[in-house]
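Working notes for the structure below.
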Amino acid sequence: MEKLIPVELLEKYINGECTEAEISLVKKWYQSFEYDDDYISAISASEEKELEERIYNHILLKIGNIAEEEQIPEKLPYNFWRKWYTIAAAAAIILFAGVMVLYQQQQANLLQTADLNAKQLVSIANNSNQIYKATLPDNSSVWLSPHSKLTYPGMFNSKSRNVSISGECFFEVTKNPERPFIISSRSIITKVWGTSFLVNDNEESNKAEVSVLTGKVSVSIKKSDDGKQISTSLGKDEVMLYPHQKVIYLLEQHVLQPQSVVEEPALQIWKRADFSFENKPLKEIIPVLNAKFHVHIKAGDDKLNRYILNADMTGFNLPDVLEALKKSLNINYEIKANSIELE
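Residue numbers (full-length UniProt numbering): 1 to 343.
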């Protein structure tokens with residue numbers, strides 16, 4: 001819509017008193033409505049009703065002023081219609097101005113709501129002996145190992161996706177190069193340039209580790225002022241990691257030590273594999289899982305070994321498999337030291 005024009009100019013146009021330039025301006029203003037955004041469809045029914053009543057009352061007020069000034073004869077003179085066209089034009093201007101103001105208020109409210117959501121932090125503490133899966137606002141997935149903690153905003157901001165952790169968490173991050181994913185833990189900062197990786201930074205340990213399964217990440221030592229603002233670009237003091245690489249941060253020496261590993265044991269359970277079991281007893285399934293994920297799963301009760309499973313587990317990692325066993329066989333599990341016990 002073009003910029004609103006004065007009511008006086010519309011009245012001149014109705015009276016045929018406009019210059020060629022003024023006529024062109026009025027026509028351009030009128031034609032602009034064809035391509036204007038429909039702001040009314042963006043507001044709620046209650047807001048539309050409120051706006052309608054405000055405009056209607058304003059028009060009634062104008063009509064009331066005319067009625068007080070003069071009696072309307074049976075044969076309506078030209079001046080009467082001129083005033084009514086003027087009122088109609090004014091009402092049109094009031095309508096679009098009112099809708100624009102209401103639309104702008106609605107947009108401001110949406111932005112304010114987004115800011116509030118961004119400031120509201122969500123904290124998840126996994127106090128169990130199982131692995132807990134969380135889904136972030138950008139649909140990224142985080143698996144929290146036992147006794148780990150994850151904190152993230154209710155809505156990520158437009159520049160970056162910042163989370164903080166304590167303990168061990170495995171991430172599968174949704175790609176978005178324009179909004180880097182940044183993880184802050186006790187002693188290190190991890191910036192995500194790829195997809196899946198493991199971060200282990202425990203308050204009770206004298207070291208921290210980051211291991212990459214797919215994609216790439218960069219790791220830097222956390223500084224005292226990192227809580228204020230973390231750069232989203234790659235810094236010269238950051239270590240870049242690629243698949244099957246890891247870095248260890250030694251707390252006492254205050255150094256990062258990159259390492260290349262062919263098979264990182266901590267990553268084995270996060271590798272996705274394809275399984276299909278058709279009427280197989282659990283005692284035959286457990287050895288398959290142990291061999292594939294390099295773990296030690298055992299049944300706490302011998303009767304569990306006779307449970308029969310019929311399932312397609314295509315693209316599952318070990319935590320997904322364990323969750324499927326819980327739901328399909330109605331069993332539970334507990335991570336104990338170097339083993340996983342089904343119960």
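Every residue gets a Cβ at the ideal spot worked out from N, C-alpha and C, and that includes glycine.
Terminal residues of the alpha helix (DSSP H) in which residue i lies
{"i": "residue 355", "result": "The displayed coordinates of the chain run from 1 to 343. Any statement about residue 355 would go beyond what the structure contains."}
{"i": "P146", "result": "Counting along the chain, P146 falls outside any alpha helix (DSSP H), and DSSP gives it neither H nor E."}
{"i": "P287", "result": "L282 to F293"}
{"i": "E11", "result": "V7 to I14"}
C-beta atoms of residue i and residue j nearer than 9 Å
{"i": "R272", "j": "N317", "result": "yes"}
{"i": "S166", "j": "K222", "result": "no"}
{"i": "S187", "j": "D201", "result": "yes"}
{"i": "S141", "j": "K133", "result": "yes"}
Inter-residue Cα distance where the pair is residue i and residue j
{"i": "T190", "j": "K207", "result": "15 Å"}
{"i": "L322", "j": "V192", "result": "27 Å"}
{"i": "L256", "j": "V239", "result": "8 Å"}
{"i": "E252", "j": "E334", "result": "33 Å"}
{"i": "C169", "j": "N305", "result": "30 Å"}
{"i": "V288", "j": "L136", "result": "32 Å"}
{"i": "E341", "j": "V210", "result": "27 Å"}
{"i": "P6", "j": "K28", "result": "14 Å"}
{"i": "D301", "j": "E284", "result": "15 Å"}
{"i": "I131", "j": "P177", "result": "29 Å"}
{"i": "K327", "j": "D237", "result": "46 Å"}
{"i": "residue 344", "j": "N129", "result": "Given a span of 1 to 343 for the chain in the structure shown, any question on residue 344 remains unanswerable."}
{"i": "L9", "j": "E20", "result": "12 Å"}
{"i": "I183", "j": "E343", "result": "34 Å"}
{"i": "Q259", "j": "P153", "result": "32 Å"}
{"i": "D138", "j": "L267", "result": "23 Å"}
{"i": "R179", "j": "N126", "result": "27 Å"}
{"i": "K298", "j": "D320", "result": "17 Å"}
{"i": "K303", "j": "N332", "result": "14 Å"}
{"i": "G215", "j": "G315", "result": "18 Å"}
{"i": "G16", "j": "E22", "result": "11 Å"}
{"i": "L111", "j": "K12", "result": "The predicted model places L111 with a pLDDT of 49, which falls under 50 and marks its position as unreliable, so this point remains unresolved."}
{"i": "W270", "j": "N157", "result": "29 Å"}
{"i": "A337", "j": "H254", "result": "28 Å"}
{"i": "V122", "j": "M155", "result": "10 Å"}
{"i": "L325", "j": "Y307", "result": "10 Å"}
{"i": "L151", "j": "I286", "result": "Sequence inspection shows Thr at residue 151; the Leu mentioned does not correspond to that position. Whole-angstrom Cα-Cα distance: 34 Å."}
{"i": "S205", "j": "G194", "result": "27 Å"}
{"i": "F181", "j": "I124", "result": "18 Å"}
{"i": "S196", "j": "K280", "result": "31 Å"}
{"i": "Q120", "j": "W143", "result": "21 Å"}
{"i": "Y78", "j": "I14", "result": "Its pLDDT being 45, under 50, Y78 is placed unreliably by the model, and nothing is read from it."}
{"i": "C18", "j": "S24", "result": "9 Å"}
Residue interval of the beta strand (DSSP E) (run including residue i)
{"i": "I248", "result": "Q245 to L250"}
{"i": "M240", "result": "V239 to L241"}
{"i": "A208", "result": "K207 to V212"}
{"i": "K336", "result": "Y333 to K336"}
{"i": "L234", "result": "No beta strand (DSSP E) holds L234; DSSP gives it neither H nor E."}
{"i": "S166", "result": "R161 to E172"}
{"i": "residue 356", "result": "Examination of residue 356 is not possible in this model, given that the chain is present from 1 through 343 alone."}
{"i": "F197", "result": "S196 to D201"}
{"i": "L304", "result": "No beta strand (DSSP E) holds L304; DSSP gives it neither H nor E."}
{"i": "T135", "result": "Y132 to T135"}
{"i": "T190", "result": "I188 to V192"}
{"i": "L267", "result": "Looking at the DSSP string, L267 is not in any beta strand (DSSP E), and its letter there is neither H nor E."}
{"i": "F181", "result": "F181 to S184"}
{"i": "V217", "result": "V217 to I221"}
{"i": "S339", "result": "S339 to L342"}
Beta-carbon separation (whole angstroms), residue i vs residue j, contact threshold 8 Å
{"i": "S218", "j": "L234", "result": "6 Å"}
{"i": "L241", "j": "V212", "result": "5 Å"}
{"i": "H296", "j": "S339", "result": "4 Å"}
heavy atom of the ligand MG below 8 Å from residue i C-beta
{"i": "I248", "result": "You won't find the ligand MG in this model; it holds no ligand whatsoever."}
Taking 8 Å as the threshold, find out whether the stretch 171-190 comes into contact with the stretch 148-161 through three or more Cβ pairs. yes
Should the stretch 308-319 be called in touch with the stretch 273-282, which here means at least 3 C-beta pairs below 8 Å? yes
Given 8 Å, three or more beta-carbon pairs between the stretch 235-246 and the stretch 131-149: no
Touching or not, the stretch 247-266 and the stretch 281-293, by the rule of three or more beta carbon pairs under 8 Å? no
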